[in-house]
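All remarks here apply to the structure that follows.
Chains as they are written, first to last, in the working numbering: chain G, 18 to 241; chain U, 4 to 276.
Put into structure tokens, the structure is as follows:
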């Protein structure tokens, strides 16, 4: 079977356009997801059930159901329930961020809990309020520890963002489907799509490991 | 302790694997003595058929029995009967049908597929078995009278269907006229494209006439209006180019069904008249 690489040339700009949307979607949704996750994690660890229970329910629901079902629910379900017009960009970003936030909540919770209790006690004994202790003592240390899993979450989102193709968002994977279906040349198209994904994930994995090393060095004066 | 656990897990895994292997090796049930059986019927070859069963009345999955139903399904079963093979029908994603055919995962596609020049580059089509056309099914409040009213609007289609191609052609025309283009929203299935109109994400969808008619029959309360067909299309069964023998068999069987009146019977059952 002839592979006909010219097809790649023909569809390349179209696929790169899809990759650009994938990248933008991932950056926006992981940024929003990180913010959601940070607050949800603090809420989850709160002594007050009025904060911790909703946060736990949120994590349970969005980690315990398929992302695809969440996207369909947000795009097709909610507009039918409340009678408003859906916007696919808003729905895609909302679904991905909320889903990402649930995973990030667990990442931050683990990070915060991994900081020894003594740190909080020391901060409180210096006269800090619990909020100040969290903000100035616990979170900076926790953030360093959660960086690798956060990086993983970003890479996972980069791939999971392909799910929004179901509501007609033309990101990289969907454009791959369109091109392969149109040209009937699946191999050249899908290998190109895979390489484009790799071109996005590889620099990012390198960036995360570099940041990890850098943060470690800065905060370990004895390790000169 | 940890070693013991690891050992246990390993043993468990081995047993599970052995179980799988055994299942595969189980001998087929011994054939019954020949004397008790009627003379053996010549074994009919199995032909694998692919369809995307989300396109009533052509094909759908019966929600009670899980069976594949529809005009296409009955037609291909009748063709199989006539041509002397067994049809093993598989439900797949629309976009995976032609790749699956080319990869020999399936041998025939029957899925309300329009015969187009573009597709005919990759596959060979049977003689047309149905005359169809694309229609604009729009929300009744959108005031869409014809294709020209779609300029600058959101229109939903199923990806890589003739509905999408019709809108792309329309956009070329609009470009020449300096009009606003149609924003074509592509969905992976036709029901999703219809839902998009229902929730208001698009003013209209472009689908096959019989499918639009069937939707209105099944959901008379939906606020849609169906326009006049915007083109004429013929549906065909797709096969690999090199499978000339199967191609000839299918065409002969289709002609025989048309001659015997069986085709008209099926047509009347699904489309009336």
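For each residue, glycine too, the CB sits at the ideal point set by N, CA and C.
Secondary structure at residue 236 (chain U): strand, using DSSP grouped into helix, strand and coil. When Cβ pairs closer than 8 Å are counted between the two stretches, the segment 60-79 of chain G is seen to touch the segment 111-123 of chain G, the count reaching three or more. With contacts defined as CB atoms closer than 8 Å, residue 155 (chain G) and residue 132 (chain G) qualify as a contacting pair.
Note that the segment 105-118 of chain U touches the segment 239-246 of chain U; at least 3 beta-carbon pairs, one per stretch, sit closer than 8 Å. The DSSP assignment places no complete alpha helix (DSSP H) segment of no fewer than 4 residues inside the segment 32-61 of chain G. DSSP places residue 250 (chain U) in the uninterrupted alpha helix (DSSP H) bounded by 247-263.
In this chain, the beta strand (DSSP E) harbouring residue 134 (chain U) covers 133-135. Within the DSSP bridge table, the entry for residue 93 (chain U) names U:53 as partners.
The three-state secondary structure of residue 183 (chain U), taken from DSSP, is coil. Across the structure, residue 25 (chain G) and residue 45 (chain G) are spaced so that their CA atoms are roughly 29 Å apart.
Every alpha helix (DSSP H) stretch that sits fully inside the segment 110-195 of chain G and reaches 4 residues is listed by chain position as 134-142 and 156-177. DSSP, reduced to helix, strand and coil, places residue 62 (chain U) within a strand of the structure shown.
Residue 252 (chain U) has its alpha-carbon roughly 43 Å from the corresponding atom of residue 86 (chain G).
Residues of chain U whose Cβ lies closer than 8 Å to the Cβ of residue 102 (chain G) are, in chain order, 202, 203 and 204. Any Cβ of chain G closer than 8 Å to the Cβ of residue 209 (chain U) would place that residue at the interface, and such an atom is absent. Comparing alpha-carbon positions, the option among U:45, U:221, U:201 and U:98 lying closest to residue 158 (chain U) turns out to be U:201.
With distances taken between CA atoms, residue 94 (chain U) lies nearest to U:192 out of U:192, U:246 and U:138.
Between the C-alpha atoms of residue 204 (chain U) and residue 197 (chain G) there is a straight-line separation of about 26 Å.
A straight-line Cα-Cα distance of about 13 Å links residue 88 (chain G) and residue 190 (chain U). For residue 91 (chain G), the closest of G:138, G:107 and G:40 by C-alpha to C-alpha distance is G:107. Inter-segment contact for the segment 198-216 of chain G and the segment 90-104 of chain U is present: three or more beta-carbon pairs are separated by less than 8 Å. Residue 139 (chain U) is bridged by DSSP to U:209. With respect to residue 60 (chain U), residue 136 (chain U) sits apart: the two C-beta atoms are not nearer than 8 Å. Around the beta carbon of residue 223 (chain U), fewer than 16 other beta carbons lie within 10 angstroms, which makes this residue exposed.
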